[in-house]
Every structure is written in structure tokens, then in C-alpha cells.
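I have placed the structure first, in the form of C-alpha cells, so that the comments after it can refer back to it.
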Amino acid sequence: MSQGTDPKKIRQEILRLTRDYSRITHAAQRSGDDSARSPFTPDETVVPYAGRVFTEDEVEAAVSSALDFWLTLGPEGESFEQELASFLGVKHTLLVNSGSSANLLALTALTSPKIPEKRRLRTGDEVITCAAGFPTTVAPILQNGLVPVFIDNDPVTGNARVEQLEMAFQDGKTRAVMMAHTLGNPFDLGAVLSFCRKHDLWLIEDNCDSLGSTYSMPVAKAKELGFTENSPGIPSDGIHITRYTGTWGGLSTQSFYPPHHMTMGEGG
């Protein structure tokens, strides 16, 4: 049915048809809906490298933004920043084009003249990180003229062997720790935070692989490190403080590339 030249009605019709199209075409991408999936045929069926789970709501939102021709951060992005901050229980979030860029911005921010001189990172300072991890965790260290100091990974968890932190520390040279939580499995935040507190170091959590993961530590230990409350929505057991990964360090980063827990296509 023609909507004439009324932009509002044309838009409504486009979005209605978009929902209908997505509901029919993308039924297999609905969470828990296996009935619409085609049987797997060897050498024919495409196996995506990341699970795509979405409904017509996401498709409609994407088309709606395209109709407005928002090419940079717009209302949807600003709303996402606010909702993510609320979910994590942090004051601020900043949406960028990727988790890689988020890592670069997080570490570069610590080189700013606005950081007190005693804590500011400078060329030649050392940053402890994992020997086997994401290149995008190490690249910002090099890009800022800093020196990565590597510690081994535990072959079972994939995370840092925290017992090597003290061996990697050099007084007057080591200024920060930057490492990722591996595949949703948090590294030993209790040990890392205690180490950073002892030596007055920055901790940058690369949480690009672990959005929604949690870490618990005894209440007394958490309070000693400056944490007194659980993250929003996490009930208290009276024994532990439990918070989302990405809310323990001085700064943290997320990624919304397709292989991660939640995707925006790109983004971080």
C-alpha cells in the first residue's frame, strides 16, 4: 500500500517490512530456536566462525539508524553507553570503533599531562603483560613507547602465572599491568590487585573476551583493596564481594566484534 510522500508513514512501512523480513529470513538466528535450522551437509553448509543470535528488534534498529544516516556516534550509541555503564556499575563508558582502539585509548590516557606526574606513564616505562595473549593488548604498550615485560601463561586457564609478577617487577621502571581475561575466564584478580596496590601500579583490564564474567573475593580482602559492594544485580552471600570483570582495575576495555559475547558488528 502506497504511503504517498509522508516520510513518517514511509519509515513506518519500511520498518514494518524489515521486521517481517527478518522474522522469516533470520529465524535460525533466534536464541534456542533449532527448528528453523537447516540440516548440516558436509562440504556445503557454511559454518560461521561466531554465533549470531539476534531477532527482528536488532535488525529494525540497524535499519532505523541507516535511514537516519548516522555514520558516527548517535542516539543509539549514547543510549548504549549509558546502559552499559548501568549494567557494570561504573560512572562512565566511552564507545569507540573497536576493542583494539579501546585498548589503545585506555593506555594512552595514562600518558596524559592531566595525570599526576607521579603516576603518569612515560616513554621507557615498563608494563607487565602476558607472553601469550592478544596482540592488541601488547600493541598499545609499544605504540606509546613503553616496554612490555612478559610473564608466562598457565596452560590450563590461559591466564597469567601471577607468581611471576614479583620477578617481572623493577622498582622505578614498572608502572602498570595490562592483561586480558582469557575466553571468559578471569585471571587471579586478588593477586594482581594486591601486587598493583603494593607497588602503586595501574591495572588496565582487557575485558574484551569476558563481558559478563564475574570474580569473587572474601569481603575482608575486597575491602582492603577498596571494594565494598557487589556489581549491580549480583546478590550478596555475605561472605564475598562479587563484581564483573572490567570493574576492578583503574581502566578496562570491552569488544563487540562478532566473535565476542555481544556484538555490534564492530565497536568497543
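Mapping of the sequence shown onto this note's numbering: residues 29 to 296, in sequence order.
Each residue gets a CB set at the ideal place from its N, CA and C atoms; glycine is no exception.
In this text the structure is predicted, and so the values were computed from the model without any measurement.
**Q.** Which listed residue (L217, G274 and S50) has its alpha carbon closest to that of L239
**A.** The residue you call residue 239 lines up with position 211 of the sequence shown. The option with the nearest alpha carbon to L239 is G274.
Q) Under three-state DSSP, which class holds H289? A) Along the sequence shown, read from residue 1 onward, the residue named residue 289 stands at position 261. H289: coil per DSSP, three-state reduction.
Q: Return the first residue and the last residue of the beta strand (DSSP E) that F97 is part of.
A: Residue mapping note: residue 97 aligns to position 69 of the sequence shown, counting from 1. Annotation for F97: no beta strand (DSSP E) segment contains it, and DSSP assigns it neither H nor E.
Q. Does the Cβ-Cβ distance between A167 and I179 come in under 8 Å?
A. On the sequence shown, position 139 is the one that residue 167 refers to. On the sequence shown, position 151 is the one that residue 179 refers to. Their beta carbons are not under 8 Å apart, which means A167 does not touch I179 by this criterion.
Q. Does the separation of the CB atoms of W230 and L112 fall below 8 Å?
A. Stepping through the sequence shown from its first residue, residue 230 is reached at position 202. Stepping through the sequence shown from its first residue, residue 112 is reached at position 84. For W230 and L112, no; Cβs fall outside 8 Å.
Q. Between G212 and S259, which are expected to be in contact by the criterion C-beta below 8 Å, what is the C-beta distance as a whole number of angstroms?
A. Translated into positions along the sequence shown, residue 212 becomes position 184. Translated into positions along the sequence shown, residue 259 becomes position 231. Their Cβ separation, rounded to whole angstroms, is 16 Å, which puts G212 and S259 out of contact at 8 Å.
(Q) Between the alpha carbons of A160 and P183, how many angstroms are there, rounded? (A) Working through the sequence shown from its first residue, we reach residue 160 at position 132. Working through the sequence shown from its first residue, we reach residue 183 at position 155. Cα atoms of A160 and P183: separation of roughly 10 Å, rounded to the nearest angstrom.
**Q.** N-terminal and C-terminal residue of the alpha helix (DSSP H) that H54 is part of
**A.** Within the sequence shown, numbered from 1, the residue matching residue 54 stands at position 26. Counting along the chain, H54 falls outside any alpha helix (DSSP H), and DSSP gives it neither H nor E.
Q) Does DSSP put H209 in a helix, in a strand, or in coil? A) As a first step, residue 209 must be located in the sequence shown, where it is residue number 181. Looking at H209 - three-state DSSP - the assignment turns out to be coil, as it is neither helix nor strand.
**Q.** Sequence-distant residues of its chain with Cβ nearer than 6 Å to G173 (five each side left out)
**A.** Along the sequence shown, one-based indexing puts residue 173 at 145. Excluding sequence neighbours, G173 sits near T151.
Q: Return the chain-ordered ranges of every beta strand (DSSP E) run that is complete within the stretch 152 to 234 and spans a minimum of 3 residues.
A: 154 to 158, 175 to 179, 202 to 208 and 230 to 234
Q. Among I169, E154, L221 and V177, which one has its Cα closest to the Cα of G200?
A. To locate residue 200, count along the sequence shown from 1; it is residue 172. The residue from I169, E154, L221 and V177 with its alpha-carbon nearest to that of G200 is E154.
Q. If you drop the 5 nearest sequence neighbours on each side, which residues of the same chain put their C-beta closer than 6 Å to that of R47?
A. Translated into the one-based positions of the sequence shown, residue 47 becomes position 19. Counting only residues of its own chain and dropping the five nearest sequence neighbours on each side, R47 has a CB closer than 6 Å to the CB of E84 and E88.
Q. With respect to the beta strand (DSSP E) encompassing S244, which residues constitute its N-terminal and C-terminal limits?
A. In the sequence shown, the residue the question calls residue 244 occupies position 216. Taken as a continuous stretch (DSSP letters only), the beta strand (DSSP E) holding S244 covers T242 to P246.
Q. Taking Cβ positions, are I169 and L135 nearer each other than 8 Å?
A. Here the question's residue 169 lines up with position 141 in the sequence shown. Here the question's residue 135 lines up with position 107 in the sequence shown. Yes; because the gap between Cβ atoms is below 8 Å, this pair is in contact.
Q) In three-state terms, what does DSSP make of E41? A) Residue mapping note: residue 41 aligns to position 13 of the sequence shown, counting from 1. In this structure, E41 counts as helix in the three-state DSSP scheme.
Q: Give me the Cβ distance between L221 and L253, rounded to the nearest whole Å; I'm assuming they're in contact under 8 Å.
A: In the sequence shown, counting from the first residue as 1, residue 221 sits at position 193. In the sequence shown, counting from the first residue as 1, residue 253 sits at position 225. 5 Å between Cβ atoms; contact.
Q: Please check the pair S126 and E233, which I expect to be a contact at CB under 8 Å, by giving their CB distance rounded to whole angstroms.
A: The residue you call residue 126 lines up with position 98 of the sequence shown. The residue you call residue 233 lines up with position 205 of the sequence shown. Wrong, their Cβ atoms sit about 17 Å apart, outside the cutoff.
(Q) Let me check one thing: in DSSP terms, what residues is E294 bridge-paired to? (A) Along the sequence shown, one-based indexing puts residue 294 at 266. Its beta-bridge partners are M292.
**Q.** Residue nearest to D245 in terms of C-alpha spacing, selected from H268, I42, D228 and N235
**A.** Along the sequence shown, one-based indexing puts residue 245 at 217. One detail in the question is off: residue 245 reads as Met in this sequence, not Asp. Selected option, being the one with the closest Cα: H268.
(Q) Determine whether the beta carbon atoms of F215 and M207 lie at a separation below 8 Å. (A) Working through the sequence shown from its first residue, we reach residue 215 at position 187. Working through the sequence shown from its first residue, we reach residue 207 at position 179. Cβ atoms of F215 and M207: closer than 8 Å.
Q) A250 to P286, Cα distance in whole Å? A) Walking along the sequence shown from the start, residue 250 turns up at place 222. Walking along the sequence shown from the start, residue 286 turns up at place 258. Their backbone Cα atoms lie some 34 Å apart in a straight line.
Q. Considering S129, what are the terminal residues of the alpha helix (DSSP H) in which it resides?
A. Walking along the sequence shown from the start, residue 129 turns up at place 101. Its alpha helix (DSSP H) spans residues G127 to A137.
Q | Top-ranked residue by Cα proximity to N235, from G266, K37, P141 and R271 | A | As a working note, residue 235 is residue 207 in the sequence shown. Out of G266, K37, P141 and R271, R271 has the C-alpha closest to the C-alpha of N235.
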